[in-house]
Ligand SMILES: [Zn+2]
């Protein structure tokens, strides 16, 4: 299996199974309900863990919860820890609704403080970091490979965290002395304070996956400075750290309605309420994980249409015809985990009535519910057929009457392009 890695700038081959594949993915900073865009890495890496496990690997997925961070202090001055706890509950609640299970480990920065402080102390002792006024900074000039992940040249880098006490504008904080109004702090060799964001991830990844692991993931917006700094800190501390760096493309809000309401944030909770988990999961399948993905009413409707089409194949099985075998799905996913190719294979199986393979593939992506729809009672099927006929003769009053009658019986009739042209789905 091959995966594209930002660090090597090419597809990198995984060692053959059965080896352990440790995956670390940067999770959310918890200070509000997560955005639907933050659900994308959550979904992609849970799918990837499932796929690797199915291919015979011992895959372990760790995804952190950043519960100490500037954003949290800013959002709730004086009670940041209460906000972090509340927002952690929201995050678990919202992502549970995706129905994909959870990562193997979900470490919190506040529960990893000893490891974080130990790692900083090691970097200070080896000269890769220095204390300045109660803060501790990473000495970028001490790490020759700095910039290797993001490709940034040292002289083009913008300053991170300005502070006149720093030795070099590029140096970034590993530890920050407690400031007025910050309600949480930890004791350290440098006084009371709290860790910087980047060192939290370096420490949590090593604690759970060891000094060398296979895959580090996260959104493309994390390459610089977050991942560049994680890599520098961990390698400066003598760890090999992650081998493959996977960065998923970002979710873009598009469409007129969506752009107008940019202030109107599309939280995962809201999107699940509006569209349901099946449509959202299918939507994420429609773009390669490395590409940006456009979220709009039109793209979500298209994803919903695809979900209905799969469901329809199980309600009204097409005549069975020859099609490619399971190895077609393996080829799609083993080559840089292409869900778009996988989706094309799945539609081929749907059209060919190869429902067992299709069910197995849907299950992999958490979409087995599409194969489990209850058939409507015969009298409702009959009413749906009469409604089709009424629509065909433009008798819309009769068609609407039949639709309402079906709804009163607890079912929803939907129009689909496949035979028989309608679909009956039991309402929740
Ligand atoms: Zn991180």
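In the working numbering, the protein residues as written are 12 to 439. Even glycine gets a Cβ: it sits at the ideal position worked out from N, Cα and C. Being a predicted model, the structure only gives us computed values, none of them experimental.
Short of 8 Å from the beta carbon of residue 177, and not among the five residues preceding or following it, lie these beta carbons of its own chain, in chain order: 143 and 148. Taking a contact to require three or more Cβ pairs closer than 8 Å, the stretch 92 to 100 and the stretch 159 to 173 do not qualify as touching. The shortest CA-to-CA distance from residue 161 to any of 256, 217 and 115 is the one to 256. The stretch 192 to 205 and the stretch 13 to 20 do not touch, with fewer than three beta-carbon pairs separated by less than 8 Å. For ligand 1, no non-hydrogen atom lies closer than 7 Å to the CB of residue 358.
Judged by DSSP secondary structure, residue 209 falls within the alpha helix (DSSP H) whose first and last residues are 208 to 220. A distance criterion of 7 Å places the beta-carbon of residue 142 beyond contact range of ligand 1, judged by its closest non-hydrogen atom. Proximity of the beta carbon of residue 258 to ligand 1 is not indicated: no heavy atom of the ligand is located closer than 7 Å.
Between residue 123 and residue 229, the alpha-carbon positions lie close to 20 Å from each other. Residue state for residue 311 is assigned as helix, using DSSP reduced to three classes.
Rounded to whole angstroms, the separation of the alpha carbons of residue 140 and residue 353 is 46 Å. Between residue 145 and residue 208 a beta carbon distance of about 18 Å is seen, past the 8 Å cut, so the two are scored as non-contacting.
Counting only the Cα atoms, residue 433 lies some 42 Å from residue 71.
Within the model, the alpha-carbon separation for residue 117 versus residue 40 is close to 13 Å. Here the C-alpha atom of residue 340 lies approximately 10 Å from the C-alpha atom of residue 368. Excluding residues up to 5 positions away in sequence, 251 lie with their Cβ nearer than 6 Å to the Cβ of residue 223 in the same chain.
Under DSSP, the beta-bridge partners assigned to residue 229 are 258. In this structure, DSSP gives residue 110 a state outside helix and strand, which the three-state scheme calls coil. By the Cβ neighbour-count rule, residue 263 is exposed, with fewer than 16 other Cβ atoms within 10 Å of its own.
Taking every residue with its beta carbon within less than 5 Å of a heavy atom belonging to ligand 1 gives, in chain order, 37 and 212. By the beta-carbon neighbour count (other beta carbons within 10 angstroms, threshold 16), residue 205 is buried. In the displayed model, residue 161 falls within coil according to three-state DSSP, outside both helix and strand. The beta carbons of residue 25 and residue 348 sit no closer together than 8 Å. A distance below 6 Å between beta-carbons, with the five flanking residues on each side excluded, links residue 53 to the following residues of its chain, in chain order: 106.
For residue 81, DSSP records no beta bridge to any residue. One alpha carbon belongs to residue 121, the other to residue 155, and they sit about 31 Å apart. A straight-line Cα-Cα distance of about 15 Å links residue 45 and residue 291. Beyond the five residues adjoining it in sequence on each side, residue 133 comes within less than 7 Å, by CB distance, of 248 in the same chain, given in chain order. Straight across, the Cα-Cα distance linking residue 191 with residue 380 is about 51 Å.
If you compare the alpha carbons of 258, 219 and 225 with that of residue 238, the shortest gap goes to 258.
Taken atom to atom, the span from the alpha-carbon of residue 314 to that of residue 34 is near 28 Å. Pairing residue 393 with residue 365, the inter-Cα distance amounts to about 27 Å. Taking a contact as a CB-CB distance under 8 Å, the pair residue 356 and residue 331 does not count as one, their CB atoms being some 16 Å apart. Inter-residue distance for residue 277 and residue 425 is about 26 Å (C-alpha atoms, whole angstroms). Secondary structure at residue 377: coil, using DSSP grouped into helix, strand and coil. For the pair residue 130 and residue 186, the Cα-to-Cα distance works out to about 11 Å.
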